[in-house]
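**Q** Below is one structure. I have some questions about it.
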DNA sequence: ACATAAACGAGACGGTACGTCTTGTCTTTAT
DNA sequence: ATAAAGACAAGACGTACCGTCTCGTTTATGT
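Residue numbers (UniProt numbering), protein chains in the order written: chain A, 1 to 216; chain B, 1 to 216; chain C, 1 to 216; chain D, 1 to 216.
Pasting the structure below:
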């Protein structure tokens, strides 16, 4: 999960060849400014006029490329996920899961990710286009980690192969929601740190279950 | 989780006995109007002026009792949680968990809960007072369900007693984050329905773990 | 123009004899507070809540006695005119007029009089009741000075007796408007000081006219 | 006093050449709306939001050009003075003065002038910038009429030439305060009409003085 | 002495306007 | 054609006062 494909900013249509071309540096400057503003102001106080000023860019330019605050922030945050999530092989399913949990937790400690993630999710509950954008820019990218981890565990013999592709997909979705959900809830709703101790306890629960732990 | 203690709206200080007392009907009218406005407009478009108008109340009156949008919405949503979450004894740990998961999912399908919950969580990442308010008004109330469920399961012999109060508290927190997190993530981030099938699979995973399921 | 009749605050009706009587000190405290607030804040920023607070009195008490800002300020300012305008006999018409002009100018240098006078006049252009109140509380009191001065000048032989009472009244009104108008305009509109030099030139003009001055 | 120089609205600074220029029609629309609102509502009830709505303009646009109610109203009223005061040669000093007095009186019968003039004068007692604005926008323009009238009277031999420029200026100021003050006081404070009869008596007094009238 | 009734303080209340801010569009000049 | 600057209409923001109201308390009578 390293080389990001073009951020796919919504307003960008395939253009004719005439006219002054859009500066690609401008894209970067705006996204950087967005992240910086998120850190300082949070979602609620973030304004597009302020982002434009920070980026040294006219508001017009900003609106030419993104439809609004939501779209801009999704793109700005998506880049963070691309840069910071990966799944090196740590030799066992348990170690792999613990690794990705801690990585995800580190990401969620960044103020720009923390604030923005919940905010855009909140907005997406009333905006289908936004939900789709979040799914493709953020959720689906994370989900590949689950698929990769399972494939490795299956190769090691830690997990059985699935009976059908449909069951496999359902199961991956479930595991993804449990892992991502637990980490997000711990970090943002409960407001507690996701440290090694909690991670260990969580992965134990995930692998062996409430009942399984009892038996152990 | 039925009889709600007074909603504890923050602005209400212990006052002297002089002056006209605040009308308690006004409190209710404002909270009802807030929920109605959330359904229609969502968090982003919600306006305190609009809430005041719906409640047939002056903006001043509203600001006299709540410091802002966040505080108001937390109280308005907290009431929903109080009214709609309970844990009737269904005879087994598995049935109890499935019951509460479905109940929680039904709550999260209400548009006012959906939008508002994530929005205030997002804001709480930059506002400690708000986080405390959410914790006491929403999170802690839900957490009692976990404690109650565990006590029952222990009474039935499904779960062992904890070694220490500290360990018990840590474990309850973990279980709570896993259940609530998974349901919220499924419903709001992944945007999929939390139906009986998913619930069954999730509870199986929770009870027996990835490894345990394999063995079964 | 010394012993003021009761300030005649509008709201005071003849009451039954039971019930707690209104405190006369409260009247004074409110009028004093009004003048003090006028000095500090001016007409535009003056608020009745602030006056009440300064007087150590509840807003209700204030509204029980005066209908609003205008009425209150007229009464507060009228007292100033009562206290500060009089016409000692200085031996000649010229000296008498110069004396009253300087006295009036001194009054208009008080910030509370300055601001309040023009403000209530402005309001009175759209409020007949207020105009009547100003006339009886302020204008008529000043006008008696003109009548007194003319009587003295006639006794000295400086001015002839009028042919008819109607002509006498018209002439007194004219002289009053010229004197008061010139002083007010100089002091408040032109914003220049009314000093001995200007007063001398003005009274010379008033007595001898543009043409008469030329001849002299 | 016909062709008005640019109204000189305070907020207008010399700007760079980029950016959308301010619409000059907007200026006119706002000033017209201000006068209309003054007629209907008077100074006290006049609302900048209402003015903006009448002018079909956003409040922001209004505040971009004027600092507040006072400044706006001064400019709106100044235009009236520019349009309605002039001094055609009527052949004699007496006729000239009577003409300008009646003209000024007609102006002061307009409700927008009546209310607004005293109100801004009242505010100007606490605001030096406002006083300066009134002086340059209204007072100084009127004063030129006095200068013009005197020059004509001197040319006709009705008045002598002044000994020094300083004395000339002092004298013009005095005459201006007497004429304007008397008319304003008669019209607004005493609340009586300035008709031909009063005007005749006033101009006679002005030309010949209290003593001079007696001799005649 | 004891009721009656108004005055009084405190402060909630429904309104209205404030002056500022942000949004997304539009219009200009400059590159 | 794109960029920067900034005007613009729209409308929400949170605050301040308005004038009214509802309380509980106090202070004069009139019995």
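We put the beta carbon where it would ideally sit given N, CA and C, even for glycine. Quick caveat, the model's predicted, so the values are computed rather than measured.
Is residue 43/B close to chain A? Criterion is C-beta to C-beta, closer than 8 Å.
**A** Working through the second chain from its first residue, we reach residue 43/B at position 43. Yes, residue 43/B lies at the interface with chain A (some Cβ there is under 8 Å from its Cβ).
**Q** With DSSP collapsed to three states, give me the class of residue 111/A.
**A** Here residue 111/A is taken as the residue at index 111 of the first chain, counted from 1. Three-state result, residue 111/A: helix.
**Q** Helix or strand or just coil, what does DSSP make of residue 122/C?
**A** For the purposes of this step, residue 122/C is identified with residue 122 of the third chain, where counting begins at 1. Residue state, collapsed to three classes: helix.
**Q** Would you mind giving the Cβ-Cβ distance between residue 172/D and residue 206/D, rounded to the nearest angstrom? I have them listed as a contact below 8 Å.
**A** Working through the fourth chain from its first residue, we reach residue 172/D at position 172. Working through the fourth chain from its first residue, we reach residue 206/D at position 206. Not a contact, Cβ separation roughly 14 Å.
**Q** For my contact list, residue 200/A and residue 98/A are in at a C-beta cut-off of 8 Å; report their separation, rounded to the angstrom.
**A** Mapped onto the first chain, residue 200/A falls at position 200. Mapped onto the first chain, residue 98/A falls at position 98. Their Cβ separation, rounded to whole angstroms, is 7 Å, which keeps residue 200/A and residue 98/A in contact under 8 Å.
**Q** Kindly list, in the order they appear in chain D, the residues whose Cβ is closer than 7 Å to that of residue 177/C.
**A** Here residue 177/C refers to the residue found at position 177 of the third chain. What residue 177/C touches in chain D, judged by beta-carbon distance under 7 Å, is 182, 185, 186, 190, going in chain order.
**Q** Mind listing which residues of the UniProt domain "HTH tetR-type" (24 to 84) of chain A have their C-beta closer than 7 Å to chain B's C-betas, in chain order?
**A** Listed by position, the residues of the UniProt domain "HTH tetR-type" (24 to 84) of chain A near chain B (Cβ gap below 7 Å) are 42, 43, 44.
**Q** Measuring CB to CB, does residue 152/C end up less than 8 Å from residue 89/C?
**A** Numbered from 1 along the third chain, position 152 holds the residue referred to as residue 152/C. Numbered from 1 along the third chain, position 89 holds the residue referred to as residue 89/C. Yes, the Cβ-Cβ distance between residue 152/C and residue 89/C is below 8 Å.
**Q** List, in order along the chain, the chain B residues whose C-beta lies closer than 7 Å to that of residue 121/A?
**A** Indexing the first chain from 1 puts residue 121/A at position 121. Per Cβ cutoff of 7 Å: 118, 188, 189.
**Q** Within 10 angstroms of its Cβ, does residue 149/C collect 16 or more other Cβ (buried), or is it exposed?
**A** As a first step, residue 149/C must be located in the third chain, where it is residue number 149. Label assigned to residue 149/C: buried.
**Q** Which two residues bound the contiguous alpha helix (DSSP H) that contains residue 81/C?
**A** Position 81 of the third chain, counted from the start, is the residue given in the question as residue 81/C. Per DSSP, residue 81/C belongs to the alpha helix (DSSP H) from 69 to 84.
**Q** Find the residues of chain B that neighbour residue 126/A, judging by a C-beta separation of less than 9 Å, and give them in chain order.
**A** In the first chain, residue 126/A corresponds to position 126, counting from 1. Those are 41, 42, 43, 44, 45, 111, 114, 115, listed as they occur along chain B.
**Q** Could you give the DSSP three-state label for residue 157/B: helix, strand or coil?
**A** Locating residue 157/B in the second chain gives position 157, counting from the first residue. DSSP, read as helix, strand or coil, puts residue 157/B in coil.
**Q** Compile a chain-ordered list of the residues in the region 138 to 152 of chain A whose CB is closer than 8 Å to at least one CB of chain B.
**A** Against chain B - using a Cβ distance shorter than 8 Å - the residues of the region 138 to 152 of chain A are 139.
**Q** Pairing CB atoms from the region 17 to 24 of chain D with CB atoms from the region 121 to 140 of chain C, are three or more of them under 8 Å?
**A** no
**Q** Anything in chain A within Cβ reach of residue 173/B, meaning under 9 Å, just list it in chain order.
**A** Translated into the one-based positions of the second chain, residue 173/B becomes position 173. By Cβ distance, chain A contributes 186, 190, 192, 198.
**Q** Does chain A have any CB closer than 8 Å to the CB of residue 202/B?
**A** Taking the second chain and counting its residues from 1, one reaches residue 202/B at position 202. Yes, residue 202/B lies at the interface with chain A (some Cβ there is under 8 Å from its Cβ).
**Q** Is DSSP giving residue 194/A helix, strand or coil here?
**A** Position 194 of the first chain holds residue 194/A. Residue 194/A: coil per DSSP, three-state reduction.
**Q** Say whether the region 177 to 197 of chain C touches the region 173 to 188 of chain D, bearing in mind that this needs 3 or more beta-carbon pairs closer than 8 Å, one atom from each stretch.
**A** yes
**Q** Suppose the cutoff is 7 Å on Cβ atoms and the five residues either side in sequence are ignored; what does the same chain contact list for residue 117/B look like?
**A** Counted from its first residue, the second chain places residue 117/B at position 117. Around residue 117/B: 77.
**Q** Which term fits residue 161/A, buried or exposed, when burial requires 16 or more other beta carbons within 10 angstroms of its beta carbon?
**A** Locating residue 161/A in the first chain gives position 161, where the first residue counts as 1. Counting Cβ neighbours within 10 Å, residue 161/A comes out exposed, since fewer than 16 surround it.
**Q** Thinking C-beta only, is residue 55/C closer than 8 Å to residue 33/C?
**A** What you label residue 33/C is simply residue 33 of the third chain in a count that begins at 1. What you label residue 55/C is simply residue 55 of the third chain in a count that begins at 1. Their beta carbons are under 8 Å apart, which means residue 33/C touches residue 55/C by this criterion.
**Q** If residue 85/D sits next to residue 107/D, beta carbons under 8 Å apart, how far is it from one beta carbon to the other, in whole angstroms?
**A** Locating residue 85/D in the fourth chain gives position 85, where the first residue counts as 1. Locating residue 107/D in the fourth chain gives position 107, where the first residue counts as 1. 7 Å between Cβ atoms; contact.
**Q** If the criterion is Cβ atoms closer than 8 Å, does the pair residue 159/A and residue 93/A meet it?
**A** Numbered from its first residue, the first chain carries residue 159/A at position 159. Numbered from its first residue, the first chain carries residue 93/A at position 93. Against a cut-off of 8 Å, the Cβ pair of residue 93/A and residue 159/A comes out as a contact.
**Q** Between residue 68/A and residue 167/B, what straight-line distance do the alpha-carbon atoms span, to the nearest angstrom?
**A** Here residue 68/A is taken as the residue at index 68 of the first chain, counted from 1. Here residue 167/B is taken as the residue at index 167 of the second chain, counted from 1. C-alpha separation (whole angstroms): 47 Å.
**Q** Classify residue 37/B as helix, strand or coil using the three-state DSSP reduction.
**A** One-based indexing of the second chain puts residue 37/B at position 37. DSSP places residue 37/B in helix when its eight states are reduced to three.
**Q** Hey, could you find the ends of the alpha helix (DSSP H) residue 179/D is sitting in?
**A** Position 179 of the fourth chain, counted from the start, is the residue given in the question as residue 179/D. Here the alpha helix (DSSP H) through residue 179/D covers 165 to 184.
**Q** Residue 205/C CB to nearest chain D CB: under 8 Å?
**A** Residue 205/C sits at position 205 when you count from the first residue of the third chain. Answer yes: the Cβ-Cβ gap between residue 205/C and chain D drops below 8 Å somewhere.
**Q** With DSSP as the reference, label residue 189/A as helix, strand or coil.
**A** Within the first chain, residue 189/A is the residue found at index 189, counting from 1. Correct three-state label for residue 189/A: helix.
**Q** As a quick exercise: from 187/A, 202/A, 29/A, 212/A, pick the residue whose alpha carbon is nearest that of residue 105/A.
**A** Here residue 105/A refers to the residue found at position 105 of the first chain. Checking every option, the nearest Cα to that of residue 105/A belongs to 187/A.
**Q** Among residues of its own chain, excluding the 5 on either side of residue 115/A, which ones have a beta-carbon nearer than 8 Å to its beta-carbon?
**A** By 1-based counting over the first chain, the position of residue 115/A is 115. Cβ neighbours of residue 115/A beyond the five flanking positions: 38, 42, 43.
**Q** For residue 157/D, which residues of its own chain have a beta-carbon under 8 Å away from its beta-carbon, when the five flanking residues on both sides are left out?
**A** Counting from one through the fourth chain, the residue named residue 157/D turns up at place 157. Its chain contains no residue whose beta carbon lies nearer than 8 Å to that of residue 157/D once the 5 sequence neighbours on both sides are disregarded.
**Q** Unbroken alpha helix (DSSP H) runs of length 4 or more, entirely within the region 18 to 63 of chain B: which are they?
**A** For the region 18 to 63 of chain B, the continuous alpha helix (DSSP H) assignments of 4+ residues that do not extend past its boundaries occur at 24 to 45, 48 to 55, in sequence order.
**Q** Going along chain C in order, which residues have a C-beta closer than 7 Å to the C-beta of residue 131/D?
**A** Your numbering for residue 131/D matches position 131 in the fourth chain. Those are 191, listed as they occur along chain C.
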